[in-house]
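In full-length UniProt numbering, the protein residues as written are 1 to 146. Glycine is no exception: its CB is placed at the ideal position from the N, C-alpha and C atoms. Data block below; observations after.
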Ligand SMILES: [Zn+2]
């Protein structure tokens, strides 16, 4: 795994505002939009389930929100994948900020349960390329001329 491992106990999941990152934090969400000296750049993926299907229109509208937020529906019904970018002090705050987006949309996404998260640290200068080495990169480098 190239992604940083995330903590599993509840206290480690507390964002700077004392919220459980997996339930999202609106303050983190607001902070995550602003670049700052003390914040680093992250990309976050969060899988979550809902009680009711999210309207297709809502899923499509997420893309207009900017900040590379995207809401996708993988194979299973009522299971969604939220991805987004965030400025944060650490991976926990990054998760809280991106999931905070769901709180902003609670009028359409009333209840949700986050089942899995992944936060990847990135440098803004190389935002298109993760810092960590991935298998696919290794493969591309090793392929060489034949
Ligand atoms: Zn917070």
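Pairing residue 39 with residue 80 gives a Cβ-Cβ distance that is not under 8 Å. A Cβ closer than 6 Å to some heavy atom of ligand 1 marks a residue here, and those residues are 15, 16, 17, 19, 25, 27, 28, 96. Looking at the DSSP output, residue 119 sits in a beta bridge with 44. By the Cβ test, the region 110 to 120 is not in contact with the region 56 to 67, since fewer than three Cβ pairs between them sit closer than 8 Å. Residue pairing of residue 27 in beta bridges, as defined by DSSP: absent, with no partner found. As the crow flies, the alpha-carbon of residue 95 is around 17 Å from that of residue 36. Per DSSP, reduced to three states, the secondary structure at residue 18 is coil, with no helix or strand assignment. The C-beta separation of residue 67 from residue 91 comes to about 17 Å, leaving the pair out of contact by the 8 Å criterion.
Residue 27 and residue 99 do not touch by the CB rule: their CB atoms are close to 12 Å apart, not below 8 Å.
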